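For reference, the structure is listed below as structure tokens.
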Amino acid sequence: MQSMTFFRSKMCHTTRFSIVGRLTVQNCPRKLSSSSNENIFDPSRFEATRLPLLKAQSIPGYCYTSQAWFDREMETIFKPSWMLVGRADEIPNPGEYITLKAPGIGPIIVCRGKDDKISGFVNICRHRGALLLPDEMGKVKGGIVCPYHAWTYDPTSGDLKGAPKMNSECFDKSKYPLHSVRLEEIGGFLFASSASIPSSEQVSLLDSLGNLPELIFDHWPLEELETVGRSEYTVDCNWKFLLENTSETYHTPYVHKTTLGAMDSNPCSEVLPKVPHGDWAAIHVPGDRSVVPLPKEDAPFPTFQDKTFFVSLFPSLQINVTHDCVWWMRMLPLAVNKTRVTQGFLFPKSTINKPDFQENLAPYLNRWRLAVVEDNDISVNQQLGALSPEASNPGHGTYCELEKGVHEFHNYLLDRMIGPKT
């Protein structure tokens with residue numbers, strides 16, 4: 018069952034579309050004994066997943082239902098990773114901000130300061146730990162004001178500027194700035210990472226991306242694109258099911274039978290000049306037009322590329338680039354069996370300024386909605402299946418040649434959960 022709410026709001030300099038949905042199903046995290054918890058991380062249980070694609074077997078069902086497995090994911094995968102917060106074009110003016118409750122990191126703020134620079138802070142007051150800014154997006158005027166005791170912080174520097182009735186000689190405002198988070202930008206995308214990670218363990222965003230910018234992103238005008246809408250869904254399934262679904266087109270003739278239909282794809286390594294390396298995987302979707310419009314619909318927008326790639330940035334982000342636009346999808350774990358899916362839709366400013374843009378945009382938004390709802394539904398279906406003991410038995414599940422991206426993701430996951438392949 019799903020309920021949808023549509024609304025429009027004028028923020029910054031573009032019109033935003035928000036879609037909020039909820040898929041509901043009754044399923045509970047799988048509870049294992051302490052001895053079982055130790056056994057689920059035994060590397061020998063995953064030897065078959067480490068085999069070459071067509072000989073390999075997928076990870077067991079408890080990886081999607083075990084609380085112990087989920088807790089380790091938060092610590093070893095999400096805490097040290099870079100998380101997409103949003104786009105720089107979404108906060109073009111001083112005082113505008115985006116917030117995110119990042120798994121493994123906590124609540125953060127990304128704000129454009131009076132100096133036009135964008136900074137990242139922990140979204141927690143230094144006084145009693147209240148959440149400072151509860152809204153996903155907005156604009157502060159005089160400062161970031163805590164709703165509890167009105168401690169006020171400079172949105173540019175994070176410095177504490179005001180603390181009512183804190184008159185003690187022992188109190189020094191300079192000792193209570195907002196804690197910072199690491200923030201890096203590539204192609205207009207804003208990524209945050211915890212600043213509490215020891216410097217010896219920190220990995221830069223570029224090191225994480227490897228040669229992705231060189232091979233794909235640098236060939237799209239990412240910095241020139243602007244956000245025209247976001248959509249959001251809460252889905253009752255494990256986050257991995259959703260990312261796996263976006264990593265292959267094997268399912269499209271069946272899950273999207275009456276919408277997208279069959280979609281050809283091949284590994285990106287077959288069309289790129291170099292072997293990919295970094296925390297990412299991609300599939301190439303051949304075609305002579307934008308992949309977004311439904312098969313019987315026109316693709317009316319000007320093009321700036323002639324290829325389409327679906328790019329998975331591990332652990333839980335996909336950025337899809339096609340002939341005339343770009344869209345991203347972020348999967349944030351809320352619980353072992355609950356995920357928040359957020360999408361963002363990007364077009365060149367020259368396209369947005371066309372008088373018929375809103376009319377031509379409507380079929381694109383409809384296509385994105387149809388696809389994600391169908392993908393969400395099948396992911397909920399998989400979550401129910403994962404509850405069966407049979408789903409965790411040896412020999413359960415194998416890979417098709419179209420599921421190379423899923424296999425690569427599973428091996429990325431295992432490298433961090435149980436250690437690199439020996």
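Numbers in this note's numbering are just positions in the sequence shown, counted from 1, shifted up by 17. Quick reminder that beta carbons are idealized off the backbone N, C-alpha and C, glycines included. Note that the structure is predicted; figures quoted are calculated from it, not measured.
- Two segments are said to touch when three or more pairs of C-beta atoms, one from each, lie closer than 8 Å; by this definition the region 73-86 touches the region 400-414.
- Per DSSP, M100 is not a residue of any alpha helix (DSSP H); the beta strand (DSSP E) it occupies stretches across M100 to R104.
- Shown here, K131 sits in coil according to DSSP, grouped into three states, outside any helix or strand.
- It is roughly 22 Å from the alpha-carbon of I300 to the alpha-carbon of L349.
- The DSSP-derived three-state label of T275 is coil.
- Nearest to L277 by alpha-carbon distance, out of Y267, G414 and P284, is Y267.
- DSSP, reduced to helix, strand and coil, places A352 within a strand of the structure shown.
- K324 has its alpha-carbon roughly 8 Å from the corresponding atom of D305.
- In this structure, the beta-carbon distance from S396 to N262 falls below 7 Å.
- Contact annotation: the region 228-241 touches the region 284-300, with at least three C-beta pairs closer than 8 Å.
- Assignment of R306 by DSSP, reduced to helix, strand and coil, places it in the coil class.
- For I369, the secondary structure class from DSSP, reduced to helix, strand or coil, is helix.
- Leaving aside the five residues that flank W237 on each side, the residues in its chain whose CB is nearer than 8 Å to its CB run, in chain order, G204, F321, Q322, V338 and V343.
- In this chain, the alpha helix (DSSP H) harbouring E90 covers Q84 to E90.
- The alpha helix (DSSP H) runs of length 4 or more contained entirely in the region 239-287 are, from start to end of the chain, 256-263 and 269-272.
- Look at H236 here: in three-state DSSP terms it is helix.
- Looking at the backbone, the Cα of F318 and that of D59 are separated by about 51 Å.
- With contact defined as three or more Cβ pairs closer than 8 Å, the region 210-220 and the region 350-366 are not in contact.
- Residue range F374 to A403 is occupied by the alpha helix (DSSP H) that includes S396.
- Following the DSSP letters along the chain, one finds M434 inside the alpha helix (DSSP H) bounded by residues K421 to M434.
- The alpha-carbon of R104 is positioned some 10 Å away from that of W345.
- Secondary structure note for S185: it is in no beta strand (DSSP E), with a DSSP letter that is neither H nor E.
- Per DSSP, S174 lies in no alpha helix (DSSP H) and is assigned neither H nor E.
- By the criterion of at least three beta-carbon pairs nearer than 8 Å, the region 239-255 is in contact with the region 359-366.
- Residue nearest to L382 within the set P151, L334 and E249 is E249 (criterion: CA-CA distance).
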